[in-house]
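K.L.:
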Amino acid sequence: MKESYNPKDIENKWRKDWDEKKLYQVEVDNNKEKYYVLEMFPYPSGRIHMGHIRNYTIGDVTARYKRTRGFNVLHPIGWDAFGLPAENAAIERGVHPAKWTYENIEQMKAQLKKLGYSYDWTREIATCDPTYYKWEQMVFTHMYQKGLAYQKSTTVNWCPSCETVLANEQVEDGQCWRCGSEVELKEMAGWFLKTTEYTEELLEWADKLKDGWPERVLSMQKNWIGKSTGAEIEFKLHDTIGEEDIVKVFTTRPDTVFGVTYMSLAPEHPLVEELIKGKPEEEEVLEFVNRVKKQSNLERVADGAKKEGVFTGAYAINPFTHLSIPIYVANFVLFEYGTGIIMCVPAHDQRDFEFAKEYNLPIRVVIQPEGVELDPHTMKEAYVEPGVMVNSQQFSDLESATAKENIVEFIEQNGLGEKQINYRLRDWGISRQRYWGTPIPIIYCDKCGAVPVPDEDLPVELPLDIEFTGKGGSPLSKVESFVNTTCPDCGDPAKRETDTMDTFVESSWYFLRYASPKYTQGIFNKDEVSYWLSVDQYIGGIEHAILHLLYARFFTKALRDLGMCDLDEPFKNLLTQGMVIKDGTKMSKSVGNIVDPDDMIAKYGADTVRLFIMFAAPVNRDLDWSDEGVEGSFRFLNRVWRLIFDVYDKIEQVKGKQVEPSKISKSAKELLTKVHKTIKKVTDDLDRFQFNTAIAAVMELLNDTSRFKPDGQDDLPVLREAVEAMIRLLYPMAPHVSEELWHELGYDNTLVDMQWITWNEELVQSAAINIVIQINGKVRSQITMDSDSDQDQMKEAALLDEKVQSFIAGKEPKKVIVVPKRLVNIVV
RNA sequence: GCCGAAGUGGCGGAAUUUGGUAGACGCGCUGGACUCAGAAUCCAGUGGGCAUUGCGCUCGUGGGGGUUCAAAUCCCCCCUUCGGCACCA
60 MKESYNPKDI ENKWRKDWDE KKLYQVEVDN NKEKYYVLEM FPYPSGRIHM
110 GHIRNYTIGD VTARYKRTRG FNVLHPIGWD AFGLPAENAA IERGVHPAKW
160 TYENIEQMKA QLKKLGYSYD WTREIATCDP TYYKWEQMVF THMYQKGLAY
210 QKSTTVNWCP SCETVLANEQ VEDGQCWRCG SEVELKEMAG WFLKTTEYTE
260 ELLEWADKLK DGWPERVLSM QKNWIGKSTG AEIEFKLHDT IGEEDIVKVF
310 TTRPDTVFGV TYMSLAPEHP LVEELIKGKP EEEEVLEFVN RVKKQSNLER
360 VADGAKKEGV FTGAYAINPF THLSIPIYVA NFVLFEYGTG IIMCVPAHDQ
410 RDFEFAKEYN LPIRVVIQPE GVELDPHTMK EAYVEPGVMV NSQQFSDLES
460 ATAKENIVEF IEQNGLGEKQ INYRLRDWGI SRQRYWGTPI PIIYCDKCGA
510 VPVPDEDLPV ELPLDIEFTG KGGSPLSKVE SFVNTTCPDC GDPAKRETDT
560 MDTFVESSWY FLRYASPKYT QGIFNKDEVS YWLSVDQYIG GIEHAILHLL
610 YARFFTKALR DLGMCDLDEP FKNLLTQGMV IKDGTKMSKS VGNIVDPDDM
660 IAKYGADTVR LFIMFAAPVN RDLDWSDEGV EGSFRFLNRV WRLIFDVYDK
710 IEQVKGKQVE PSKISKSAKE LLTKVHKTIK KVTDDLDRFQ FNTAIAAVME
760 LLNDTSRFKP DGQDDLPVLR EAVEAMIRLL YPMAPHVSEE LWHELGYDNT
810 LVDMQWITWN EELVQSAAIN IVIQINGKVR SQITMDSDSD QDQMKEAALL
860 DEKVQSFIAG KEPKKVIVVP KRLVNIVV
């Protein structure tokens with residue numbers, strides 16, 4: 060055995076060995092319980108960063124650990140390979156996106172391999188490969204045939220810098236999630252996936268997932284879906300417009316309907332024009348509408364933006380009070396939500412209140428809080444809480460909660476509207492006006508309309524000979540040979556759709572493809588998918604809480620309904636790891652606080668990097684990168700190495716020799732107890748993903764073992780047992796050095812395939828235990844007792860203790876509380 | 001504004017699952033050994049205050065109250081930080 064630990068010598072050696080033995084290649088085995096651990100696959104940017112390493116190390120430790128627990132572990136990796144950076148590289152440097160992407164993949168793959176991750180590389184996929192996106196195109200056409208994909212022209216989010224449309228989920232604070240440019244609104248045709256078809260199911264399952272998913276993520280998703288229960292109520296117009304004589308509003312507060320004193324509609328609403336036609340207000344309203352429309356979304360919703368509006372000259376009738384109420388156009392009404400028209404109750408809605416004050420509109424109180432008399436003239440703000448109904452005819456004097464139900468019932472019985480639920484969630488707009496993505500497999504024919512490309516003609520491959528100018532719309536639209544085709548239905552000349560799909564589509568189903576990545580007869584081999592799926596443990600960053608994780612959930616349900624799989628949910632358990640930060644902020648090029656993984660591995664080896672990143676913080680919290688901390692982890696592995704080097708001769712002679720408990724010294728007994736306690740603790744911690752404390756426990760074991768002085772030959776097997784346990788407990792985190800040391804101890808099997816070390820519960824319960832003695836709740840003394848002492852013995856021993864005697868000084872204890880094996884509290 | 005998470009030494013963090021010795025483990029720092037010297041390594045110490053002749057005593061987990069023999073842990077109120085959503089009717 061070499062005197063010093065040199066990771067360079069051993070890491071390559073073992074990786075090669077594991078590779079050659081194909082240890083990580085797994086197959087369906089119905090006799091074995093499976094465990095599918097998956098980390099969110101990377102975008103091939105070219106470089107691995109510390110965030111990746113944290114993510115993949117958590118996954119790898121889990122995969123290795125579960126394997127030692129007897130599971131058939133699926134641990135795949137691949138590349139989320141479509142996306143804009145590849146296209147930008149093409150525009151800026153003239154490299155083809157495909158070349159750029161595949162070269163990046165090679166580089167990153169080499170980096171990942173150096174970290175010793177236990178991936179089954181035979182299952183590697185790249186989403187930009189036609190054999191992958193072919194199936195995505197088929198899913199799309201099948202969705203289209205089932206009505207789950209459709210085309211519409213609507214107002215979309217447009218990123219002027221990326222020159223493409225963004226889905227609602229991809230706009231953050233009015234800015235593009237990718238580049239941060241301010242998003243513009245644009246009227247445009249595009250393809251949509253019907254996420255709203257699954258709104259209720261997504262919500263329902265959000266509750267069922269709560270044992271396995273962080274509450275934070277689920278609440279973010281629920282928040283995003285934004286369910287509100289209420290009613291749609293019809294208001295008659297004072298003057299009929301064409302055929303129309305009613306307008307519908309959505310409200311969550313039907314109990315306030317007697318308080319409606321005006322209505323407002325969104326400036327974009329088509330009804331505006333009709334309402335004002337020929338009226339004296341026409342010009343003023345049009346001016347207002349145009350002014351508001353010119354404002355960016357950001358300006359309109361900005362903090363403290365004033366509530367503004369203008370009277371249309373039209374009136375409606377409150378169906379409950381039968382009073383005429385004016386109709387306004389108001390800047391705070393959203394066209395996209397509900398019906399784009401709202402009933403306004405200034406007494407009980409803060410926005411309506413502010414607006415009413417501004418334009419001197421009447422305020423009508425219909426709900427009174429207990430003990431206070433609301434006066435419309437002196438109210439400073441709207442009263443939005445529940446209370447007792449007033450001024451509401453037959454509903455007066457009821458609790459508002461009761462009245463809410465009664466009024467909805469009344470509305471339905473009298474044909475004034477119906478109970479309704481509204482959601483914030485919109486359908487997913489997936490059209491992107493870019494090149495490097497999955498072509499949307501649709502052909503436009505003058506005669507037949509939008510025709511899906513038949514299954515047998517898929518994939519619609521991306522043409523590779525293309526020029527990148529970065530200007531003038533979708534690059535595909537300029538490739539004649541791509542655009543011009545014939546209609547699959549009638550054979551006439553036709554044109555292809557030139558938009559590509561949002562790259563979030565690829566990541567919505569890749570986890571299923573891993574089960575049978577090379578299958579050619581269909582999207583999935585059903586047997587393999589039903590064996591491996593769902594994902595038992597998914598691991599990734601919190602930034603995908605809504606985007607990817609919601610899309611993937613939707614997609615899985617859609618695939619199920621297309622008959623392509625049997626899953627309700629893709630990910631049984633989700634772990635969201637925190638960011639890796641340095642000097643208080645996220646690592647980034649612009650701040651200049653990036654730590655290069657290659658440098659770290661070159662300096663300390665992969666095991667040290669893995670160990671540090673697992674030790675420095677609990678997985679779900681942000682991790683503060685510390686160069687000194689890495690040194691510490693390296694020091695620890697060196698100490699393990701040196702310990703074994705130092706005791707090598709002693710433990711070599713006792714290989715395979717059992718510990719004989721009756722013959723060992725007191726300190727050996729203590730060490731033996733520590734060993735088994737540590738095995739138990741590390742096992743518990745790994746089961747709970749508490750890697751930091753698991754590592755701390757192994758460090759404690761190292762400290763105790765280093766201090767241990769064997770007293771005679773009979774103590775040596777204990778020392779050996781401690782060393783062996785240390786290596787095996789360390790293995791999931793630091794596999795290379797563990798494997799090396801294991802072989803140094805004279806074994807020739809691999810730890811990869813070895814079963815997890817078990818503890819002996821009898822040895823965990825040591826013979827002598829420490830009992831704390833408190834007086835009035837304060838620790839005053841400690842005594843050592845046999846672990847099987849009963850409560851009376853403990854009490855007796857405590858009262859006889861010298862220090863206790865001096866503290867109670869002859870006083871009679873009022874009460875003595877005994878906690879078995881722990882403490883005695885004497886109350887005087 | 002609404003929803004969620006979190007506040008513990010100089011720092012990262014243990015102990016919260018089950019109320020029972022607060023500060024494990026690591027970093028940093030201090031002192032010592034080794035060395036011509038340094039690096040590395042090893043040993044000892046390391047929450048504050050008091051006492052240091054020794055046993056020790058006392059305060060202490062964001063703040064205030066409460067429950068309990070006993071609270072970082074449970075309950076109520078408040079403060080701060082972070083994250084998400086936000087004119088969603």
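Plus 59 on top of the position in the first sequence (first one is 1) and you've got this note's numbering. Where a beta carbon is used, it is the ideal one built from N, C-alpha and C, also for glycine.
Can you tell me whether E444 is buried or exposed? The criterion is at least 16 other CB atoms within 10 Å of its CB, across all chains shown.
P.N.:
exposed
K.L.:
Measuring only the C-alpha atoms, how far is H297 from A375?
P.N.:
5 angstroms
K.L.:
Leaving aside the five residues before and after Y442 along the sequence, list all residues of the same chain whose C-beta is less than 7 angstroms from its C-beta, in chain order.
P.N.:
A406, H407, I426, P428, L433
K.L.:
If the criterion is Cβ atoms closer than 9 angstroms, does the pair T559 and Y610 meet it?
P.N.:
no
K.L.:
Between the alpha carbons of H795 and M109, how many angstroms are there, rounded?
P.N.:
20 angstroms
K.L.:
According to DSSP, is W487 helix, strand or coil?
P.N.:
Judged by DSSP in its simplified three-state form, W487 adopts strand.
K.L.:
Give the secondary structure of L143 by DSSP, where H, G and I count as helix, E and B as strand, and everything else as coil.
P.N.:
Note: L143 maps to helix in three-state DSSP.
K.L.:
From S287 to Y482, what distance separates their C-alpha atoms?
P.N.:
6 angstroms
K.L.:
I'd like to know whether the C-beta atoms of G643 and R680 end up nearer to each other than 9 angstroms.
P.N.:
no
K.L.:
Helix, strand or coil: how does DSSP classify I710 here?
P.N.:
helix
K.L.:
Count the other CB atoms within 10 Å of the CB of C238; is the residue buried (16 or more) or exposed (fewer)?
P.N.:
exposed
K.L.:
Determine, using beta carbons only, whether V782 and W77 come nearer to each other than 9 angstroms.
P.N.:
no
K.L.:
How is the alpha helix (DSSP H) around W73 delimited, first residue to last?
P.N.:
66 to 79
K.L.:
Check whether the Cβ atoms of L82 and Y573 lie closer than 9 angstroms to each other.
P.N.:
no
K.L.:
Whole angstroms is fine: what's the gap from L457's alpha carbon to E464's?
P.N.:
11 angstroms
K.L.:
Are there 16 or more other CB atoms within 10 angstroms of the CB of L393, so buried, or fewer, so exposed?
P.N.:
Counting other Cβ atoms within 10 Å of its Cβ, L393 stays below 16 and is therefore classed as exposed.
K.L.:
How many angstroms separate the CA atom of V510 from the CA atom of T223?
P.N.:
24 angstroms
K.L.:
Could you name the residues that DSSP lists as bridge partners for G289?
P.N.:
Residue pairing by DSSP places G289 opposite Q479 in a beta bridge.
K.L.:
State yes or no: is the C-beta of S323 within less than 9 angstroms of the C-beta of V388?
P.N.:
Yes, they are a contact pair.
K.L.:
Can you tell me whether K616 is buried or exposed? The criterion is at least 16 other CB atoms within 10 Å of its CB, across all chains shown.
P.N.:
K616 comes out buried.
K.L.:
DSSP three-state label for H407, please.
P.N.:
coil
K.L.:
Take the Cβ of S278 as the centre, count every other Cβ of all protein chains shown within 10 Å, and call the residue buried at 16 or more, exposed below.
P.N.:
exposed
K.L.:
What does DSSP give as the partner residues of G368 in its beta bridges?
P.N.:
A389
K.L.:
Between P498 and G531, what straight-line distance do the alpha-carbon atoms span, to the nearest angstrom?
P.N.:
18 angstroms
K.L.:
Alpha carbon to alpha carbon, how far is K253 from W487?
P.N.:
7 angstroms
K.L.:
Please determine, among E146, W283, E333, the residue with the shortest C-alpha to C-alpha distance to E303.
P.N.:
Taking each of E146, W283, E333 in turn and checking the Cα distance to E303, the smallest one comes out for E333.
K.L.:
Quick check on DSSP: helix, strand or coil for N751?
P.N.:
Looking at N751 - three-state DSSP - the assignment turns out to be helix.
K.L.:
Considering only C-alpha positions, which residue in the set M402, Y597, A753 is nearest to A676?
P.N.:
A753
K.L.:
Considering only residues of the same chain and omitting the five flanking positions on each side of P776, which have a CB-CB separation below 6 angstroms?
P.N.:
V713, K716, V718
K.L.:
Unbroken alpha helix (DSSP H) runs of length 4 or more, entirely within the stretch 388 to 467: which are they?
P.N.:
Runs found: 409 to 418.
K.L.:
Mapping the DSSP letters down to three states, classify H297 as helix, strand or coil.
P.N.:
strand
K.L.:
By how many angstroms is the C-alpha of W684 removed from the C-alpha of S848?
P.N.:
47 angstroms
K.L.:
In its own chain, which residues sit with a C-beta less than 7 angstroms from the C-beta of V120, not counting the 5 before and 5 after it?
P.N.:
The beta carbon of V120 sits closer than 7 angstroms to the beta carbons of M673, F750, P791, M792 from its chain, once the five residues preceding and following it are set aside; these are given in chain order.
K.L.:
Considering just the uninterrupted stretch of the beta strand (DSSP E) at D636, what are its terminal residues?
P.N.:
Per the sequence shown, residue 636 should be read as Gln rather than Asp. 633 to 636 is the span of the beta strand (DSSP E), which, as asked, contains Q636.
K.L.:
Helix or strand or just coil, what does DSSP make of K506?
P.N.:
coil
K.L.:
How many angstroms separate the CA atom of V699 from the CA atom of K641?
P.N.:
Near 28 angstroms, if we compare the C-alpha coordinates of K641 and V699.
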